[in-house]
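>
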Amino acid sequence: MPSKFEQLYDMYYNCVYRYIFVSVKNKWNAEDIIATVFTKIYENKDKITEVEASKNWIFKIAHNTIIDFYRKNSKVIPIESFLDRGDEDFGYENIAIRDEFEGVKKIIDILPEETKKMLYLRFYGGLKFREIAETVDITESTVKSTISRAIKKIKKSYEHSLGGDVIGNK
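Numbered according to the UniProt record's numbering, the sequence shown spans residues 1 to 170.
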């Protein structure tokens, strides 16, 4: 039978990695950070009571590790800023989808950092509003309203960039 740490690793690695990757936008930094996160978890494995109940704790560690990364590397510029190339891992369909949503990504990039973190935790990490609130130390109602306003702003900006309504109404 796998240990609680191994179960936790298997269950949460991918969603934590996605959250970290969209936060730092660099594969190598994301891999370094995820290694740090799971090292911290392993060092505190005695605190794991239930694997399923550890989700908030794991994302809190990831969130804080990302903050530490930016504090230590405040002058780091993601390598993607210098490169204009597609990822070799993606097929044509994925490149087309990625290009189609480039405008949405640009809109998200101009949102305040705290709002982006909440969106990343919600949509890349798969956290519930309550879990996000615990992770970033704010109330659940603040998380709900922030995410709701952000989605409305993204939709409105995206519709405006298309010259009308996404559904086709002008």
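Ideal placement from N, C-alpha and C gives every residue a C-beta, glycine not left out.
By the 10 Å Cβ neighbour count, where 16 or more other Cβ atoms means buried, how is threonine 39 classified, buried or exposed?
Flag for threonine 39 reads exposed.
> Under a Cβ-count criterion, where at least 16 other Cβ atoms within 10 Å of its own Cβ denotes burial, should isoleucine 67 be classed as buried or exposed?
Its Cβ having fewer than 16 others within 10 Å, isoleucine 67 is exposed.
> Quick check on the DSSP output: the alpha helix (DSSP H) that includes valine 16 runs from which residue to which?
Residues 4 to 24.
> To the nearest angstrom, how far is it from the Cα of tyrosine 12 to the Cα of aspartate 46?
One C-alpha to the other measures close to 17 Å.
> Between the C-alpha atoms of lysine 117 and serine 3, what's the straight-line distance to the nearest angstrom?
Spanning the two alpha carbons is a distance of roughly 30 Å.
> Taking asparagine 73 as part of the alpha helix (DSSP H), name the residues at either end of that continuous run.
Taken as a continuous stretch (DSSP letters only), asparagine 73 belongs to no alpha helix (DSSP H), as it is neither H nor E.
> Could you give the residue range of the alpha helix (DSSP H) that holds methionine 1?
Run containing methionine 1: none; DSSP gives neither H nor E here.
> Go ahead and pull the three-state DSSP assignment for valine 143.
Looking at valine 143 - three-state DSSP - the assignment turns out to be helix.
> Smallest Cα separation from valine 37: which of Phe69, Glu50 and Lys25?
The option with the nearest alpha carbon to valine 37 is Phe69.
> Checking 8 Å against the spacing of the C-beta atoms, do leucine 121 and threonine 139 come in under that value?
Cβ atoms of leucine 121 and threonine 139: not closer than 8 Å.
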